[in-house]
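Numbering (the working numbering), first residue to last: 22 to 803.
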């Protein structure tokens with residue numbers, strides 16, 4: 022991309038002047054030495070490496086224990102932030118110098134204490150892996166004011182667990198552990214890995230907390246390791262210590278608790294409530310034997326409280342049930358906070374816990390106004406919306422929402438009209454029930470999943486230069502999750518009615534008139550009925566770690582979606598023995614769409630270090646019209662190019678296949694297809710301040726299933742589609758403001774399937790004006 026840019030600048034500028042500016046630019050960077058602000062007697066930490074003599078001990082696993090690292094590099098190559106810092110002058114009071122130092126990185130001065138601490142922690146980490154005799158040596162290489170540091174690891178011989186013994190003086194716990202001894206991660210013959218031993222402590226603790234041992238913690242589990250003389254073998258004994266409530270108390274068996282009573286306090290205020298006795302008010306009711314306390318008026322139906330409680334009276338204390346109760350109440354918008362407390366009760370020789378579920382009421386009604394910038398596949402605009410919400414409409418935490426929205430966009434793709442404006446007026450209402458509202462489902466099934474049922478209606482009125490369109494829709498859908506990382510959605514029915522009250526005469530005569538009818542255009546500018554049902558599944562491996570740590574981790578996400586439309590209406594037409602009208606079935610004199618569509622999306626993030634990562638993305642989809650439809654509705658068709666696709670092309674300008682479009686006519690609809698393939702590799706790096714950088718390679722295209730005369734070269738052929746995959750590359754700048762991200766990407770075409778000969782390979786023969794595309798977007802592309 023730089024080669025193409027420089028080639029363009031050289032043709033636009035005087036070559037002599039260009040050379041002068043180029044020399045000045047290079048000389049400026051070179052003159053900014055990296056040791057400009059390194060004091061005398063100190064050294065710039067230029068490089069840190071970890072070397073091991075054992076392939077089983079990977080240097081990458083030891084990097085987190087290094088306490089001082091060199092200055093960061095852009096794209097792991099150039100220490101640009103350090104150069105920027107060194108551009109500042111000696112006078113730190115001047116605003117320009119302050120600015121350069123703020124956005125740049127100060128030189129990382131070698132700290133001996135940090136190096137010693139790193140050496141100790143790396144040694145400890147290797148010893149914990151089972152290499153008890155491991156040692157780490159620091160090797161320092163100084164040159165002028167720079168220092169290169171190497172941690173040389175000598176692992177030694179690994180220690181192996183030769184036998185495992187257990188000392189459990191508590192017979193009740195011993196019986197519990199005997200039932201799950203096959204789940205133990207400690208095996209004879211494995212490395213004496215302290216991390217595995219720690220994992221086993223946590224596994225046993227979690228298991229006992231799910232079986233009534235309310236006061237148990239992992240500190241009650243210890244290990245005794247005995248090395249066999251003159252060998253590298255270890256005898257391990259796991260010891261479970263008896264319970265002691267206070268240091269002066271005598272040892273006893275670990276107490277096991279059951280749940281006795283469950284109390285609900287629906288107007289809990291943490292600022293004014295202290296002891297449990299102060300929480301109980303005079304106003305209360307009993308529902309299925311459980312007291313529910315409230316102040317003036319009970320604002321929630323008792324059954325909602327029961328259905329979202331995963332704790333059962335009479336059962337053993339279960340930590341997992343407690344957490345599930347938090348999760349279930351946390352999704353109810355009628356409540357702001359949830360807190361669960363316990364009070365110990367002894368009845369004869371048995372121990373019980375009285376449970377208090379403390380609920381803080383949320384504000385019932387809200388209204389808000391939102392201003393937003395829009396980017397509809399490259400068309401920029403603005404919108405304003407007003408939203409009203411009621412979080413507890415029928416006293417069951419049902420959320421009722423009404424939203425009114427108006428929007429404006431400046432159309433940049435596919436319009437030859439003088440008035441390139443787009444206006445939108447929209448209204449929508451939704452009612453969300455925190456339950457799986459479906460007949461014939463058992464109450465046990467409903468309790469075991471966190472489900473929502475949603476009824477929605479929408480009305481959308483669009484005014485474009487070419488036409489006016491109205492879309493009315495209604496839907497009934499379900500959302501649920503078995504685990505925190507995976508989510509399901511099932512659209513039982515989604516009905517859409519597309520009505521075209523006005524089409525401009527110019528557009529009608531040019532593209533839809535007799536003798537110039539384009540089948541794809543014509544189908545999508547008729548009144549249309551779409552009745553579909555569908556299912557989607559998403560999984561994100563990072564969903565838990567996002568709340569546990571701010572450190573970047575390797576993660577991946579999967580999205581799968583399938584939908585089908587028109588089958589019920591087609592069956593109704595057949596059963597009702599309705600005849601065809603112009604070769605198609607119609608309902609209320611409106612043709613309905615019939616198709617099946619499936620999509621798959623996969624993304625993976627691979628962390629290199631805390632500043633650099635790789636992101637991989639693959640997406641594909643296919644949609645097949647059949648029965649009562651020859652083409653797909655425009656909203657269901659695929660397009661390629663743009664900020665989230667192959668970024669060497671502008672939005673909707675790539676494909677299908679080898680079709681290259683015609684500038685003299687509207688192609689925003691014709692350059693669409695039934696099959697899509699997208700793949701991307703993106704290298705992401707932190708630059709300085711809020712800036713992030715990226716280098717990417719994109720590949721993909723779209724194709725049609727049928728060979729349409731208006732899309733020559735667009736049909737998918739198994740023996741040639743791989744030759745029609747477009748490729749682009751480029752660089753991007755992102756402003757990461759935590760709560761939102763502004764993205765600027767510049768892409769260059771590398772392989773253009775629409776051309777033959779030299780023009781097919783812009784990578785070798787680039788033309789900046791022809792092959793460059795600039796994109797602005799909000800958020801990452803994947």
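Glycine included, each C-beta is placed from N, C-alpha and C at the ideal position.
Same chain, Cβ closer than 8 Å to residue i, five either side skipped, listed in chain order
| i | result |
| --- | --- |
| residue 186 | 256, 257, 258 and 259 |
| residue 222 | 239 and 242 |
| residue 212 | 150, 151, 179, 180, 181 and 182 |
Delimiting residues of the alpha helix (DSSP H) encompassing residue i
| i | result |
| --- | --- |
| residue 790 | 789-792 |
| residue 327 | 323-328 |
| residue 347 | 340-351 |
| residue 223 | 215-230 |
| residue 193 | 192-200 |
| residue 467 | 464-468 |
| residue 593 | 588-596 |
Alpha-carbon to alpha-carbon, residue j and residue i
| i | j | result |
| --- | --- | --- |
| residue 787 | residue 625 | 31 Å |
| residue 559 | residue 70 | 39 Å |
| residue 636 | residue 627 | 6 Å |
| residue 568 | residue 506 | For residue 568, the pLDDT reaches just 35, beneath the cut-off of 50, and the residue's location in the model is therefore unreliable, although a value from the coordinates is still provided. One C-alpha to the other measures close to 12 Å. |
| residue 740 | residue 645 | 20 Å |
| residue 793 | residue 753 | 13 Å |
| residue 762 | residue 669 | 21 Å |
| residue 610 | residue 693 | 28 Å |
| residue 802 | residue 790 | 24 Å |
| residue 47 | residue 122 | Low confidence applies to residue 47: its pLDDT is 48, below 50, so where it sits in the model is not reliable, and the reading given next is rough at best. Distance between the alpha carbons of residue 47 and residue 122 is about 21 Å. |
| residue 656 | residue 418 | 34 Å |
| residue 42 | residue 577 | Bear in mind that the predicted position of residue 42 carries a pLDDT of just 49, short of 50, making it unreliable; the figure below should be weighed with that in mind. Residue 42 and residue 577: Cα-Cα distance of roughly 45 Å. |
| residue 194 | residue 224 | 14 Å |
| residue 364 | residue 229 | 19 Å |
| residue 451 | residue 489 | 25 Å |
| residue 414 | residue 742 | 54 Å |
| residue 334 | residue 342 | 12 Å |
Beta-carbon proximity check, residue i vs residue j, cutoff 8 Å
| i | j | result |
| --- | --- | --- |
| residue 106 | residue 178 | no |
| residue 290 | residue 381 | yes |
| residue 284 | residue 409 | no |
| residue 736 | residue 718 | no |
| residue 349 | residue 471 | yes |
| residue 422 | residue 404 | no |
| residue 217 | residue 128 | no |
| residue 447 | residue 481 | yes |
| residue 93 | residue 102 | yes |
| residue 474 | residue 458 | yes |
| residue 723 | residue 660 | yes |
| residue 337 | residue 233 | yes |
| residue 750 | residue 769 | yes |
| residue 707 | residue 658 | no |
| residue 745 | residue 641 | no |
Contact set for residue i: own chain, Cβ-Cβ below 7 Å, skip 5 residues either direction
| i | result |
| --- | --- |
| residue 51 | Low confidence applies to residue 51: its pLDDT is 46, below 50, so where it sits in the model is not reliable, and the reading given next is rough at best. There are no such residues. |
| residue 566 | Reliability fails at residue 566, whose pLDDT of 40 lies under 50, so the model's placement of it is uncertain and the value that follows must be treated cautiously. Within the same chain, residue 566 has close Cβ partners 574. |
| residue 86 | 139, 142, 143 and 146 |
Enclosing beta strand (DSSP E) for residue i [first to last residue]
| i | result |
| --- | --- |
| residue 450 | 442-454 |
| residue 753 | 747-757 |
| residue 506 | No beta strand (DSSP E) contains residue 506, which DSSP labels as neither H nor E. |
| residue 259 | 254-261 |
| residue 554 | 549-561 |
| residue 767 | 762-772 |
| residue 354 | Premise fails: residue 354 is in no beta strand (DSSP E) and is neither H nor E. |
Cβ-based neighbour list, residue i, same chain, cut-off 6 Å, excluding 5 preceding and 5 following
| i | result |
| --- | --- |
| residue 272 | 263 and 265 |
| residue 345 | 331 |
| residue 445 | 428 and 483 |
| residue 453 | 420, 473 and 475 |
| residue 621 | 581 and 641 |
| residue 115 | none |
Closer than 8 Å to chain D by CB, residue i
| i | result |
| --- | --- |
| residue 172 | Looking at the structure shown, chain D is missing, and only one protein chain is on hand. |
Cβ-heavy atom distance, residue i to the ligand FMN, below 7 Å
| i | result |
| --- | --- |
| residue 798 | Annotation note on the ligand FMN: not contained in the displayed structure, which lists no ligands. |
(request) Jot down the residue ranges of each uninterrupted alpha helix (DSSP H) in the segment 80-134, minimum 4 residues, whole runs only, in chain order. (result) 80-83, 101-107 and 116-124
(request) Can you check the segment 650-733 for any beta strand (DSSP E) of at least 3 residues that lies completely inside it and give the ranges in chain order? (result) 696-707 and 712-724
(request) Identify every run of the beta strand (DSSP E) within the segment 404-435, keeping only runs that are complete inside it and at least 3 residues long; order them along the chain. (result) 420-431
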